[in-house]
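See below for the structure under consideration.
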Amino acid sequence: QKEVEQNSGPLSVPEGAIASLNCTYSDRGSQSFFWYRQYSGKSPELIMFIYSNGDKEDGRFTAQLNKASQYVSLLIRDSQPSDSATYLCAVAQFYSSASKIIFGSGTRLSIRP
Amino acid sequence: GAVVSQHPSRVICKSGTSVKIECRSLDFQATTMFWYRQFPKQSLMLMATSNEGSKATYEQGVEKDKFLINHASLTLSTLTVTSAHPEDSSFYICSAIGTSGFSYEQYFGPGTRLTVT
Numbered sequence: 037q038k039e040v041e042q043n044s045g046p047l048s049v050p051e052g053a054i055a056s057l058n059c060t061y062s063d064r065g066s067q068s069f070f071w072y073r074q075y076s077g078k079s080p081e082l083i084m085f086i087y088s089n090g091d092k093e094d095g096r097f098t099a100q101l102n103k104a105s106q107y108v109s110l111l112i113r114d115s116q117p118s119d120s121a122t123y124l125c126a127v128a129q130f131y132s133s134a135s136k137i138i139f140g141s142g143t144r145l146s147i148r149p
Numbered sequence: 435g436a437v438v439s440q441h442p443s444r445v446i447c448k449s450g451t452s453v454k455i456e457c458r459s460l461d462f463q464a465t466t467m468f469w470y471r472q473f474p475k476q477s478l479m480l481m482a483t484s485n486e487g488s489k490a491t492y493e494q495g496v497e498k499d500k501f502l503i504n505h506a507s508l509t510l511s512t513l514t515v516t517s518a519h520p521e522d523s524s525f526y527i528c529s530a531i532g533t534s535g536f537s538y539e540q541y542f543g544p545g546t547r548l549t550v551t
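Listed in order, the protein sequences are those of chains R and S. For the first sequence, position 83 (counting from the first letter as 1) is numbered 119 according to this note's numbering, and the numbering increases by one without interruption. For the second sequence, position 50 (counting from the first letter as 1) is numbered 484 according to this note's numbering, and the numbering increases by one without interruption.
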């Protein structure tokens, strides 16, 4: 079992609809959870992070975390063609002496006009 | 958000030479930096974790004598690819951890595209 799993996609969503991206993780000791967006040939950029159970909203993006189910998701409302990218889920444990961040393989999202 | 820079952004070198890539956190101190490698259409692969003032921790399968990491200060980490070969051609990305209240955030540099001829 991979430590962080994502559906590779591609996930095709019509413009204006809600895109739902999912991620599961295996380490119950994980503390922080990140969503990154990566355009082809570019470095990942941080969209959101979440560390408490529940929902966290930022503009059109909502991150949802359920630690009991070891599940984190990202919702994108009013999807735009510019949202087409690969979305990476990352799960982290941070300590003063060592930190561990594990990335999923990413989900390719395509927003069709 | 915090800014992480990398230099150079692109480098082409001949097989057998060494290349140094710098990663700097510009507006925060980063006790931990990470080095990743990404091949086309693949996900990020963590190469090593670099803690300031100590030896880097390498992931399994990454040769520490080939990929030399030096984290000399709280704002600078370097990756040196020694005796580069064409199969080392890849997109190398560093990241640094900064704190934000109760949580940590990981910020990526823009990446360095290495081509070994």
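Glycine residues also receive a C-beta, built at the ideal position from the N, C-alpha and C atoms.
Item: If residue 518 of chain S and residue 503 of chain S are in contact, beta carbons under 8 Å, what's the gap, nearest whole angstrom?; Value: With 8 Å as the limit, residue 518 of chain S and residue 503 of chain S do not qualify as a contact, their Cβ atoms being about 15 Å apart.
Item: Nearest to residue 78 of chain R by CA position, among S:444, S:499, S:495, S:492, is which residue?; Value: S:444
Item: Strictly by DSSP, which residues pair up with residue 55 of chain R?; Value: R:112
Item: DSSP on residue 81 of chain R, reduced to helix/strand/coil?; Value: strand
Item: So what's residue 43 of chain R in DSSP terms, helix, strand or just coil?; Value: coil
Item: Going by beta carbon distance, what residues of the same chain come within less than 8 Å of residue 449 of chain S, once the five residues before and after it are set aside?; Value: 518, 519, 520, 550, 551
Item: What would DSSP say about residue 118 of chain R, mapped onto helix, strand or coil?; Value: helix
Item: With residue 70 of chain R as the anchor, note down where its beta strand (DSSP E) starts and where it stops.; Value: 68 to 74
Item: Let's see if you can read the secondary structure: which residues bound the beta strand (DSSP E) around residue 511 of chain S?; Value: 510 to 515
Item: Compare the C-alpha of residue 143 of chain R against each of R:89, R:111, R:136 and name the closest.; Value: R:111
Item: Are the C-beta atoms of residue 492 of chain S and some chain R residue less than 8 Å apart?; Value: no
Item: Check whether the Cβ atoms of residue 96 of chain R and residue 113 of chain R lie closer than 8 Å to each other.; Value: yes
Item: Exposed or buried, which one is residue 482 of chain S when buried takes at least 16 other CB atoms within 10 Å?; Value: buried
Item: Check distances from the C-beta atoms of the region 39 to 69 of chain R to those of chain S and list, in chain order, the residues that come in under 7 Å.; Value: 68
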